[in-house]
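Residue numbers for the sequence shown follow my numbering, so the first one is 3 and each next one is one higher.
The C-beta atom is built at its ideal place from N, Cα and C for all residues, glycine as well.
Just so we're clear, the structure is a prediction, and the values are computed from it rather than from any experiment.
What follows is a short report on a single structure.
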Amino acid sequence: MPPSLRFPPAPPRWLVLWFAVALFAIFQHGPMPLYSTRTLAVAWEMWSENQFLVPHVNGHPYSHKVPLLFWLIHAGWAVSGVNDVWPRLMQVLIGGGWLLAAAALARRVFSLRPSIARLMPWFLIALAYPFLFGLQIMYEVLLALTVALALLALSGKPRWIWFALALGAGLMTKGPVMLLHVAFPVLLGPWWSEHARADRKGWYLRGGLALAGGSAMLLAWALPAGFAGGEAYRNELFFMQTAGRVVDSFDHARPLWWYLPMLGVLLFPWIGWPRLWRAVATFARPIGDGERFLISWLLPVFAGFCLVSGKQVYYLLPLLPGVAMALSCALSRQEVRGSGTGRVWGAWPLALAAFGFAFLLAILPVWLAAGELRSHWLHDAARFSPWFAVGFAALGLLLLLPGEGERELHRIAGTSLLGVALAHALFAHALFHNFNLEPAAGVLGRAQAEQRPIANVGQYEGQFHYLARLRGSIAEIDIGGIGEWAAANPRGLIVRYPAKLDPRARRYALLIQPFRSRWLEIWSAPTLAAIEAGQTPAEPAQRTALYPPDYWRYGEPVEREGE
């Protein structure tokens with residue numbers, strides 16, 4: 003066949019499987035608060051105000067993030083208009099790009115051991131936490147992609163210009179934390195790279211120039227943005243956001259050891275596979291340049307994150323391709339030795355977990371009928387749980403099928419993907435009403451169209467701005483300031499989030515809906531001020547809107563005067 007008529011190679015099976023499941027999952031429900039709604043809010047404010055240099059949230063400069071992700075959202079909106087379909091599709095494309103870059107990195111690092119590159123993607127796609135977190139419109143998956151691309155450019159024969167570009171993209175995604183992810187493989191290059199050993203001086207000279215070039219990309223945005231955003235924004239951008247998290251975190255402060263138990267969350271389902279336990283436990287020397295690369299990357303970066311005061315599980319996402327490569331190394335050596343065979347080393351613990359979860363889902367309606375369910379989360383899940391119990395029981399049987407080696411690896415990976423998608427579908431159908439802010443956003447959007455001011459009791463995280471297409475800012479007030487704000491804004495609306503539903507809200511609030519583990523109420527400002535002052539307000543003209551309208555937690559309907 004002439005070269006011009008050759009068809010492109012078919013995509014690998016693991017990528018087709020992952021894309022199919024990810025596209026199904028990410029469109030199961032709307033944007034999740036507070037991660038996705040906040041990202042969309044910043045993108046919307048930049049777009050609506052035609053302000054693309056300095057990110058804004060609630061009318062104020064937003065120093066917590068740099069703008070590359072927002073610019074990518076804007077690029078799609080420029081073609082399709084403002085919507086949340088493109089940002090979600092973009093997340094899936096970024097996730098697929100991360101998987102492809104990670105697979106290419108494994109092929110380059112272990113170029114003489116193709117079995118590792120063949121196994122690694124299956125380890126990576128099966129991880130439950132990054133799959134679920136990747137459904138959020140957030141920065142970490144894009145950061146993970148840039149880290150993988152930077153290390154791909156560094157491995158083998160280094161391509162310093164591409165390294166600098168990937169580094170700059172990472173810096174424009176999440177700021178200076180990108181340097182932590184890639185600096186140690188550069189510094190320790192002569193230990194793991196034959197090219198660095200052959201030309202140490204050139205390695206460090208070109209590496210330093212590449213680090214400077216990537217950093218210059220960040221500064222090319224940060225310097226004009228800092229001056230455009232004002233002194234307070236400039237101080238937070240250049241000093242507080244990095245130093246504040248490293249030394250004494252103002253956000254997500256955790257103890258030094260906090261990441262260690264979280265490794266079990268990150269590595270599920272592989273922590274439940276005995277054959278992999280044996281492979282890791284019996285891993286022995288010799289170690290080659292590929293293993294040295296993983297050590298140079300994973301250990302110092304993980305130690306660095308442990309030392310940083312601010313900690314979140316998803317901060318470690320960019321390290322997971324390296325972890326998947328390490329697991330592939332261990333399993334491939336076991337396959338060569340021929341050890342670890344037999345059903346005792348199979349996936350039976352994961353099968354037991356699937357059967358146990360299926361039993362729990364099946365028994366929920368029985369407990370509900372007996373009045374044994376105290377958690378409203380379990381109460382809500384019981385409406386759909388028997389159907390999903392069948393699905394998890396089937397996955398458990400699939401895990402018990404015979405077949406070892408790569409067949410078992412593929413089976414666990416596929417089952418994990420389907421299981422996570424099934425659990426996410428249960429959440430979408432049974433529990434998402436606790437996170438769906440569309441009803442509240444509808445009320446607030448109509449209020450702003452009527453030029454009525456809006457206040458939020460407590461810190462406002464931008465959760466309504468995109469959904470309601472709000473412009474300007476929502477006032478932040480505390481409980482003690484309700485009366486004063488209502489007096490100054492008699493046509494205003496107030497949003498509050500009580501832990502328990504006040505019976506008076508059923509009579510006088512404009513809207514009530516569950517929100518996470520609390521309630522969300524929207525009030526006319528004078529009405530709420532009267533309630534807080536111990537007075538009885540006038541009977542409202544309309545009944546309180548309830549979402550969901552027939553939700554069991556609301557209790558019996560409230561009788562109104564004159565009815």
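Item	Value
Classify L189 as buried or exposed, calling it buried when 16 or more other Cβ atoms lie within 10 Å of its own Cβ.	exposed
Please determine, among W194, M219, A150, A501, the residue with the shortest C-alpha to C-alpha distance to P178.	M219
Going by the CB atoms, is the gap between L42 and I139 shorter than 8 Å?	yes
Specify whether the segment 99-111 and the segment 375-389 touch according to this definition: at least 3 beta carbon pairs, one from each stretch, less than 8 Å apart.	no
Give the range of the beta strand (DSSP E) segment to which S526 is assigned.	520-526
Throw me the rounded Cβ distance for the P33 and L319 pair, which I believe falls under 8 Å.	Between L319 and P33 the Cβ distance is about 20 Å, and since that is not below 8 Å, they are no contact.
Measuring CB to CB, does H467 end up less than 8 Å from E51?	no
Just tell me which of W369, L433, A353 has its CA closest to the CA of L399.	A353
Could you pull out every residue in the same chain whose Cβ sits closer than 7 Å to the Cβ of P323, ignoring the five residues on either side in sequence?	A104, L107, L126, A150
Can you tell me the Cβ-Cβ gap for I524 and V459, rounded? I've got them flagged as a contact below 8 Å.	With 8 Å as the limit, I524 and V459 do not qualify as a contact, their Cβ atoms being about 11 Å apart.
Here's a check: name, in chain order, each residue in its chain whose Cβ is nearer than 7 Å to the Cβ of W193, leaving out the five neighbours to either side.	R294, S298
N237 lies in the alpha helix (DSSP H); which residues open and close that run?	233-237
Just mark V183 as buried or exposed, buried being the case when its beta carbon has 16 or more other beta carbons within 10 Å.	Per the sequence shown, residue 183 should be read as His rather than Val. It counts as buried.
Based on Cα-Cα distance, which residue from P116, A457, G274, R120 lies nearest to I479?	A457
Based on Cα-Cα distance, which residue from D201, R413, F307 lies nearest to G348?	R413
Please return the same chain residues whose Cβ sits closer than 6 Å to the Cβ of A212, not counting the five positions on each side in sequence.	W162, F165, A166
From the DSSP output, read off the bridge partner residues of I514.	E523, L548
Leaving out five residues on either side along the sequence, give the residues of the same chain with a beta carbon under 6 Å from the beta carbon of V497.	N458, I524
Buried or exposed for S418, going by 16 or more other Cβ atoms inside 10 Å?	buried
Does the segment 304-312 come close enough to the segment 86-102 to have 3 or more Cβ pairs within less than 8 Å?	no
Considering just the uninterrupted stretch of the alpha helix (DSSP H) at V184, what are its terminal residues?	179-189
Exposed or buried, which one is N577 when buried takes at least 16 other CB atoms within 10 Å?	Not covered by the structure: residue 577. The range shown for the chain is 3 to 565.
Going by other Cβ atoms of all chains shown within 10 Å of its Cβ, with 16 needed for buried, is K203 buried or exposed?	exposed
Between the C-alpha atoms of P585 and P441, what's the straight-line distance to the nearest angstrom?	Absent from the structure is residue 585, since the part of the chain shown begins at 3 and ends at 565.
Once DSSP output is grouped into helix, strand and coil, what is the label at F252?	Since pLDDT at F252 reaches only 48, below the 50 mark, its modelled position is unreliable, and no value is offered.
Identify which residue in A532, Q93, S475, Q515 has its Cα closest to the Cα of P492.	A532
Please confirm whether R385 and A326 have their CB atoms less than 8 Å apart.	no
At the level of alpha carbons, what is the spacing between W369 and H378?	13 Å
Which partner residues does G485 have in the DSSP bridge list?	DSSP, once it has assigned bridges, lists no residue as partnering G485.
Taking E558 as part of the beta strand (DSSP E), name the residues at either end of that continuous run.	First-last for E558: undefined, no H or E at that position.
Kindly indicate the opening and closing residues of the alpha helix (DSSP H) around S497.	According to the sequence displayed, residue 497 carries Val and not Ser. Premise fails: V497 lies in the beta strand (DSSP E), 495-498, not in any alpha helix (DSSP H).
How about G216 and V143: are their beta carbons less than 8 Å apart?	no
Just the C-alpha distance for A507 and P69, rounded to the nearest angstrom, thanks.	40 Å
Compare the Cα-Cα distances from L19 to each of L420, G209, E374 and report the closest residue.	L420
Would L121 and L333 be called neighbours here (beta carbons separated by less than 8 Å)?	yes
Tell me V59's beta-bridge partners as DSSP assigns them.	H62
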